[in-house]
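Per the numbering used here, the very first residue in the sequence shown carries number 10; after that it's consecutive.
All C-beta atoms, glycine included, are put in the ideal place defined by N, C-alpha and C.
All of these numbers come straight from a predicted model, not from anything done at the bench.
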Amino acid sequence: MPRTTDVGVHREYLLTPATLITAVRTVASLALSLLAAVEQDLTLLVVALLVYWVGDIIDGSVARWRGCETRIGAVLDILCDRLNCAGFYLGLCWIEPDVVIPVGIYLTSFMVVDTFLSLAFLAWPVRSPNYFYAVDERIWRWNWSKPAKAVNSAVFAVFLLVDGLWWVALAMAVLLLGLKVVSLSWLMRLGLPVPGGPVDLAPGAVGPR
């Protein structure tokens with residue numbers, strides 16, 4: 010839970026009900042994805058995806074309900090999302106090699122460009138990308154609003170899983186990558202705030218030589 014010390018320093022702790030759910034859904038989804046790849050079982054792989062999606066909804070809901078939303082929890086959620094996403098899509102490529110190209114483009118978008126965009130919230134005093142509208146409403150609307158989240162993740166996976174529609178998924182992956190690059194350009198024009206002044210080293214720390 011977030012705490013404030015008597016010297017005005019805001020501290021957060023990793024162990025919360027929400028982060029516990031994040032850890033459980035991450036391990037469960039990844040284990041199912043690996044098992045599905047070994048067994049060549051597409052149905053089991055879809056179950057792994059559903060565990061990831063449902064768990065991601067639950068941990069966010071619990072964080073808001075229990076009042077334990079933290080920035081460190083948001084970072085953990087972002088990283089675990091990427092791990093579960095990679096587990097599912099690499100497992101899918103193992104079972105269905107024809108989808109390698111759209112998956113490769115999508116993973117480039119989600120695991121590189123979108124990761125940078127998602128972690129950029131740390132430069133501002135907001136709890137997570139879900140509140141980025143307080144910084145830039147346009148970037149938030151196209152990346153972290155509820156419709157944007159659905160399009161960025163669920164819709165692509167659904168098209169990819171439907172027989173004969175991999176080309177639709179390919180077109181969507183290209184469009185999503187383009188959107189992420191445009192969002193990144195908006196972010197760069199906005200500029201990321203950085204601490205000013207000299208860096209304070211901890212007592213006994215050795216600076217660069």
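Which listed residue (the options) has its alpha carbon closest to that of residue i
{"i": "isoleucine 104", "options": "Leu170, Pro202 and Met181", "result": "Leu170"}
{"i": "glycine 76", "options": "Ala95, Ala40 and Glu21", "result": "Glu21"}
{"i": "asparagine 152", "options": "Phe168, Leu128, Gly100 and Val167", "result": "Leu128"}
{"i": "glutamate 78", "options": "Leu92, Ile30 and Leu174", "result": "Ile30"}
{"i": "isoleucine 114", "options": "Val190, Leu101 and Leu179", "result": "Leu179"}
{"i": "leucine 199", "options": "Gly173, Trp149, Ser154 and Val56", "result": "Trp149"}
{"i": "isoleucine 172", "options": "Val33, Pro156, Asp107 and Glu146", "result": "For clarity, residue 172 is aspartate in the given sequence; the question names isoleucine instead. Comparing Cα positions, the closest option is Asp107."}
{"i": "valine 56", "options": "Asn139, Pro156, Gly100 and Ala83", "result": "Gly100"}
{"i": "glycine 187", "options": "Val203, Gly64, Tyr140 and Val122", "result": "Val122"}
{"i": "valine 84", "options": "Trp62, Thr52, Leu54 and Val135", "result": "Val135"}
{"i": "valine 203", "options": "Ile81, Phe168, Ser42 and Ala132", "result": "Ala132"}
{"i": "asparagine 161", "options": "Trp62, Asp145, Leu51 and Gln49", "result": "Trp62"}
{"i": "leucine 88", "options": "Cys102, Ala32, Pro156 and Val47", "result": "Ala32"}
{"i": "phenylalanine 97", "options": "Ala45, Asp65 and Ile81", "result": "Ala45"}
Outcome for residue i when other beta-carbon atoms lying within 10 angstroms are tallied against a minimum of 16
{"i": "serine 194", "result": "exposed"}
{"i": "valine 112", "result": "buried"}
{"i": "alanine 214", "result": "Because the pLDDT of alanine 214 is 46, which lies under 50, any placement of that residue in the model is unreliable, and the number read from its coordinates should be weighed accordingly. Counting Cβ neighbours within 10 Å, alanine 214 comes out exposed, since fewer than 16 surround it."}
{"i": "tryptophan 176", "result": "exposed"}
{"i": "alanine 163", "result": "exposed"}
{"i": "aspartate 86", "result": "buried"}
{"i": "alanine 182", "result": "buried"}
{"i": "valine 208", "result": "Because valine 208 carries a pLDDT of 47, less than 50, the predicted location of this residue cannot be relied on, and the following value inherits that uncertainty. Classification for valine 208: exposed."}
{"i": "threonine 25", "result": "buried"}
{"i": "alanine 27", "result": "buried"}
{"i": "proline 138", "result": "buried"}
{"i": "leucine 185", "result": "buried"}
{"i": "phenylalanine 125", "result": "exposed"}
{"i": "alanine 143", "result": "exposed"}
{"i": "arginine 34", "result": "buried"}
{"i": "leucine 174", "result": "exposed"}
{"i": "lysine 189", "result": "buried"}
{"i": "leucine 223", "result": "Since the first residue of the chain shown is 10 and the last is 218, residue 223 is not available in this structure."}
Supposed close pair residue i, residue j - CB separation, criterion 8 Å
{"i": "alanine 166", "j": "leucine 58", "result": "6 Å"}
Can we say the region 70–77 touches the region 105–121, given the rule of at least three CB pairs closer than 8 Å?
no
At 4 residues or longer, what runs of the alpha helix (DSSP H) sit wholly inside the region 113–160?
123–128, 146–152 and 155–158
How do the region 88–96 and the region 35–50 stand: do at least 3 beta-carbon pairs fall below 8 Å, yes or no?
yes
What are the start and end residues of each continuous alpha helix (DSSP H) run of 4 or more residues lying completely inside the region 41–83, in chain order?
51–74
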